[in-house]
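Below: the structure, in structure tokens.
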Amino acid sequence: MKLRDTPSASPALWRSLPCPAAELRLDLVLPSGQTFRWRESSPGSWTGVLGGHVWTLRQERDRLWYTVYGGEAAAGADTDRLLREYFQLDVGLQELYRAWGAADPLFREAAKDFPGVRVLRQDPVECLLSFICTSNNHISRITAMIDRLCQAFGRRLCHLDAQPFHAFPSLTALTGADAEARLRALGFGYRAKFVSGTARAVTEGLGIEGLHHLRAVPYAEARRVLCALPGVGSKVADCVCLMALDKADAVPVDTHVWRIVRQRYGLELGGRSLTPRAHQEIGDFFRGLWGPRAGWAQAVLFCADLHKGRDLAGSRDRDKES
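Under full-length UniProt numbering, the first residue of the sequence shown carries the number 1, and numbering increases by one thereafter.
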């Protein structure tokens with residue numbers, strides 16, 4: 001099957017939703033560490049896996065265009081709904097930016113060049129197991145690990161220009177007796193036992209339905225349940241709460257966010273290391289500052305910090321080359 005990288009390629013197989021750039025920027029949201037399943041397959045086009053299908057997305061003239069491979073017959077209202085839910089497009093982002101900026105001049109300054117950063121609503125199983133892999137890791141390496149995980153354990157969906165695409169593995173696929181050994185052979189290191197261990201713990205305990213039910217319980221309860229799983233600490237639990245379990249007030253705290261708090265806000269919260277106390281105090285600070293969608297505001301600052309770090313690294317590389 002050939003990649004369809006623009007709506008002009010097979011226009012009958014593309015659909016679109018109204019979506020101005022101020023409400024969503026694919027180039028800021030998809031590569032910034034919320035998800036690890038999307039690639040910029042050609043300039044401005046993003047191809048990845050969502051809901052058991054392979055999609056290509058593109059933004060043009062205040063519209064979000066999409067095409068679904070192998071799912072042409074199913075395209076329509078259902079795929080529109082799935083995409084709206086995934087990007088949570090019913091949440092008005094511009095109004096939130098204005099409110100956060102009014103409450104926090106530092107946010108307003110940092111966010112002015114980064115419109116359209118919103119939080120995805122992901123499948124809880126995929127989000128949970130993916131973020132277990134983020135410990136002591138960086139985005140490009142995590143993306144490669146998740147790709148290997150899907151190729152080794154997931155169902156093959158299709159080939160695009162000879163590149164295979166796979167669904168995210170089922171919990172059953174990751175609970176086999178040899179799963180941990182296979183994950184280690186794929187380069188997961190110590191994370192292998194946590195991925196297979198959590199898959200087993202969910203299967204034998206909560207179950208998939210129970211994991212989804214955490215969307216309906218208070219944030220503190222969902223966080224407590226997640227932190228009892230192998231390899232899940234405060235940061236991973238908060239990422240899953242925010243990006244899969246509808247806890248918009250969850251504020252994931254990693255070294256990026258910790259540095260932002262210390263350097264930009266001048267606060268020494270939680271001591272000199274990222275202890276559970278630090279996670280709680282930093283999260284409480286931002287919830288008090290930004291309100292009930294503090295996790296969304298944090299995603300904007302994280303994206304801005306990440307992109308500025310990339311720009312700085314690129315500048316250093318160019319300096320070395322000159």
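Beta carbons: idealized from backbone N, C-alpha and C, even for Gly. No experiment lies behind these values; they were computed from the predicted model shown.
Mapping DSSP to helix, strand and coil, what is residue i?
i, result
"Val49", "strand"
"Gln88", "coil"
"Phe194", "helix"
"Thr255", "helix"
"Val54", "strand"
"Pro43", "coil"
"Leu64", "strand"
"Phe165", "strand"
"Leu26", "helix"
"Pro218", "coil"
"residue 325", "Since the first residue of the chain shown is 1 and the last is 322, residue 325 is not available in this structure."
"Leu267", "coil"
"Leu306", "helix"
"Gln280", "helix"
"Ala73", "Low per-residue confidence applies at Ala73: pLDDT is 45, beneath 50, and the placement is therefore not dependable, though the value from the model is reported in the following sentence. Helix."
"Met1", "coil"
"Leu149", "helix"
"Pro31", "coil"
To the nearest angstrom, how far is the alpha carbon of residue i from that of residue j?
i, j, result
"Leu149", "Ala102", "43 Å"
"Gly176", "Pro31", "31 Å"
"Leu24", "Met145", "27 Å"
"Pro11", "Val29", "25 Å"
"Gly207", "Gly197", "14 Å"
"Thr35", "Gly266", "30 Å"
"Gln298", "Trp100", "10 Å"
"Met1", "Ala9", "13 Å"
"Asp147", "Gln280", "32 Å"
"Lys308", "Val195", "31 Å"
"Asn136", "Tyr219", "25 Å"
"Val251", "Gly291", "11 Å"
"Val217", "Leu160", "40 Å"
"Gly233", "Leu89", "29 Å"
"Ala73", "Thr79", "Summary for Ala73: the model assigns pLDDT 45, below 50, so the residue's position carries little reliability, and this model does not support an answer."
"Gly189", "Arg272", "28 Å"
"Arg98", "Gly92", "11 Å"
"Gly70", "Gly44", "22 Å"
Within this structure, are the beta carbons of residue i and residue j separated by less than 7 Å?
i, j, result
"Leu3", "Leu26", "no"
"Ala222", "Cys239", "no"
"Gln14", "Trp46", "Residue 14 is actually Trp in this sequence, not Gln. Against a cut-off of 7 Å, the Cβ pair of Trp46 and Trp14 comes out as no contact."
"Leu269", "Ile282", "yes"
"Arg287", "Ala294", "yes"
"Val68", "Cys158", "no"
"Val236", "Phe131", "yes"
"Trp296", "Leu274", "no"
"Leu301", "Ala22", "no"
"Ala152", "Leu96", "no"
"Arg39", "Cys133", "no"
"Ala139", "Gly33", "Inspection of the sequence shows that residue 139 is occupied by Ile rather than by Ala. Yes."
"Ser16", "Arg61", "no"
"Asp104", "Leu289", "yes"
"His256", "Asp178", "no"
Quick one: does residue i have its CB under 7 Å from some CB of chain C?
i, result
"Phe107", "Of the chains in the structure shown, none is chain C; there is only one protein chain."
Residue i bridges to which residues according to DSSP?
i, result
"Cys158", "Phe165"
"Trp38", "Gly48"
"Ser10", "Answer is none; Ser10 lacks a bridge partner."
"Pro59", "Note that residue 59 is Gln in the sequence shown here, rather than Pro. For Gln59, which the question treats as bridged, DSSP gives the partners Leu64."
"Pro18", "Arg63"
Would the segment 242-257 count as touching the segment 118-126 if we require 3 or more Cβ pairs under 8 Å?
yes
Between the segment 165-175 and the segment 224-233, are three or more C-beta pairs nearer than 8 Å?
no
Does the pairing of the segment 50-64 with the segment 78-94 give three or more beta-carbon distances under 8 Å?
yes
Whether or not the segment 155-165 and the segment 186-203 are in contact is what I'm after, with contact meaning three or more pairs of Cβ atoms, one per stretch, closer than 8 Å; do they touch?
no
Inter-stretch contact (C-beta, 8 Å, three-pair minimum) for the segment 108-117 and the segment 126-133
no
Taking contact to mean 3 or more Cβ pairs, one atom from each stretch, closer than 8 Å, check whether the segment 176-192 and the segment 207-221 are in contact.
no
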